[in-house]
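Engineer:
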Amino acid sequence: MQRTLLSVGLLLAIALPCQAQNKLTPKEIANGWILLFDGETTFGWSQEKGREPMTARDGILNVYNEARFTMPFGDFELSYEYRSEAPRAHVGVGNLRGPDQAIALKVPKDWTKATILVRGNEVRFTGTREEVTRPTKGNGTIHFFELFGDKLMLRNIKLRPLDGLSLFDGRDLDGWREFPGKKSKFAVIDRAINVKDGPGDLQTVRKYKDFILQLECKSNGKYLNSGIFFRCRENEYQNGYEAQIRNEFTKEATQKYLVEEYDPKTNKLVGKKEMMSSAVDFGTGAIYRRVPARKAMSKDGEWFGMTIVAHGNHLATWVNGVQVTDWYDNRPKSDNARTGCRLEGGHISIQGHDPTTDLSFRNFRIAELK
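Everything in the sequence shown is counted per the working numbering, starting at -12 for the first residue and increasing by one.
(1) Just to confirm, is the Cβ distance from residue 215 to residue 335 under 9 Å?
(2) Within its chain, find whatever has a CB closer than 6 Å to the CB of residue 347; leave out the 5 residues flanking it on each side and keep chain order.
(3) Under 8 Å, with one C-beta from each stretch per pair, do the stretch 198 to 213 and the stretch 314 to 321 reach the 3-pair mark?
(4) Please tell me whether residue 273 and residue 237 are closer than 9 Å, where the distance is taken between their beta carbons.
(5) Closest to residue 187 by CA distance: which of 343, 218 and 15 is it?
(6) For the pair the stretch 41 to 52 and the stretch 273 to 289, tell me if three or more CB-CB distances fall below 8 Å.
(7) In angstroms, rounded to a whole number, what distance separates the CA positions of residue 128 and residue 106?
(8) Would you report the Cα separation of residue -11 and residue 302, rounded to the nearest angstrom?
(9) Start and end of the beta strand (DSSP E) containing residue 27?
(10) Tell me which residue opens and which closes the alpha helix (DSSP H) that residue 14 is part of.
(11) Quick check on residue 359: buried or exposed, where buried means 16 or more other Cβ atoms within 10 Å of its Cβ?
(12) Would the beta-carbon of residue 333 fall within 9 Å of that of residue 194?
(13) Inspect the beta-carbon positions of residue 145 and residue 22 and report whether they are closer than 9 Å.
(14) Look at residue 7 and residue 350 and say whether their C-beta atoms are less than 9 Å apart.
(15) If I follow the unbroken beta strand (DSSP E) through residue 369, where does it start and stop?
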């Protein structure tokens, strides 16, 4: 089926019982849910218009007129709660320019839970005045909006990608291949891929371009270094983008990074932005050598979930359901991700970093974006 970009817009009202807000349970993380709002910041959101800037306060995302989530998704289930100071509100689904479908929301007295299910060319709305299924030309940009510019309040915004295909069956390494001549040892132990020693590289046989990749990882030692490479060049060792794995973070933001900034229109370097972070060596979830992870969400010795989304030049990552990077590669186009923006598809690989390497990986699943 043809799937284009989807926008989910909202204009809202109210309601739900008290519970842990803007958090995921371990079961939700294992099932692939991710948060689109961390309860503290507007990270991952963009506002193009509105009488006031959107804010994050007291666990609530406050939107005046509209807000757009920057990363598009494919088929997914979206759950959220809303209230609004406006007498009328709507939810819409469409593309980056706006919704091609819209439906009125309820106006109750308390927080109201609503969901949107997008699969193929259909979208299902619940928690609205009508619960309906309608056609859509969608694949994934989410918008919340309030038509009259009044305040729209949102919380517990979470999303689960649908219909991901397994890349690992828990039994053997069918569909994967080791890069020849390296030291790492890859084996299936307790239904997980274990990598020891290094350097080394285990690559998918297939290539992937735009996708949502989800997996679980466990570092079996202290501050071990590994990563998930993607869009890797054919027959080359670890030559692609890397989602870093290293669970070492300082208590304070004492690590200084100089992040290159490029003009999105001319693709020319305009300068380097200094970023202070608690992440050591970019940190788990970082786009290595490009942008550090903004917070620590994983620990050594514990399984953690990782989500990597690649859509054109836009890359984003989540660790244990919390978004830690949102980065656009505005460098000049290149077939080599080390030197420029690589848009071509490539292999996905597990890195064996060095002789201390000992990490386990499981539950690989991928949904390709059209």
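Don't be surprised by glycine CBs; every beta carbon is placed ideally from N, CA and C.
Structural biologist: Reading it off the structure:
(1) The sequence position of residue 215 within the sequence shown is 228, counting from 1. The sequence position of residue 335 within the sequence shown is 348, counting from 1. The answer is yes: Cβ separation under 9 Å.
(2) Within the sequence shown, residue 347 is the residue found at index 360, counting from 1. Same-chain partners within the cutoff: 179, 181 and 205.
(3) As far as the Cβ criterion goes, the stretch 198 to 213 does not touch the stretch 314 to 321, which means the pair count is below three.
(4) For the purposes of this step, residue 273 is taken as the residue at position 286 of the sequence shown. For the purposes of this step, residue 237 is taken as the residue at position 250 of the sequence shown. Taking 9 Å as the Cβ cut-off, residue 273 and residue 237 do not qualify as a contacting pair.
(5) Here residue 187 corresponds to residue number 200 of the sequence shown, with the count starting at 1. The shortest C-alpha separation from residue 187 is found at 343.
(6) In short, these stretches do not touch, since the Cβ pair count stays below three.
(7) Position 141 of the sequence shown, counting from 1, holds the residue named residue 128. Position 119 of the sequence shown, counting from 1, holds the residue named residue 106. The alpha-carbon of residue 128 is positioned some 14 Å away from that of residue 106.
(8) In the sequence shown, residue -11 corresponds to position 2, counting from 1. In the sequence shown, residue 302 corresponds to position 315, counting from 1. The pLDDT assigned to residue -11 is 42, lower than 50, so where the model puts this residue is not dependable, and the model offers no usable value.
(9) Your numbering for residue 27 matches position 40 in the sequence shown. If you look at residue 27, you'll find it isn't in any beta strand (DSSP E); DSSP assigns it neither H nor E.
(10) Start at 1 with the first residue of the sequence shown, and residue 14 comes out as number 27. Unbroken alpha helix (DSSP H) run through residue 14: 13 to 17.
(11) The shown model of the chain, from -12 to 357, leaves out residue 359, and the question about it has no answer.
(12) Your numbering for residue 333 matches position 346 in the sequence shown. Your numbering for residue 194 matches position 207 in the sequence shown. For the pair residue 333 and residue 194, the CB atoms are nearer than the 9 Å cut-off.
(13) Counted from its first residue, the sequence shown places residue 145 at position 158. Counted from its first residue, the sequence shown places residue 22 at position 35. Result yes, Cβ atoms of residue 145 and residue 22 sit closer than 9 Å.
(14) Within the sequence shown, the letter at position 20 stands for residue 7. Within the sequence shown, the letter at position 363 stands for residue 350. It is not a contact, given that the beta carbons lie outside the stated cut-off.
(15) Within the shown structure, residues of the chain are numbered from -12 to 357, placing residue 369 beyond reach of any answer.
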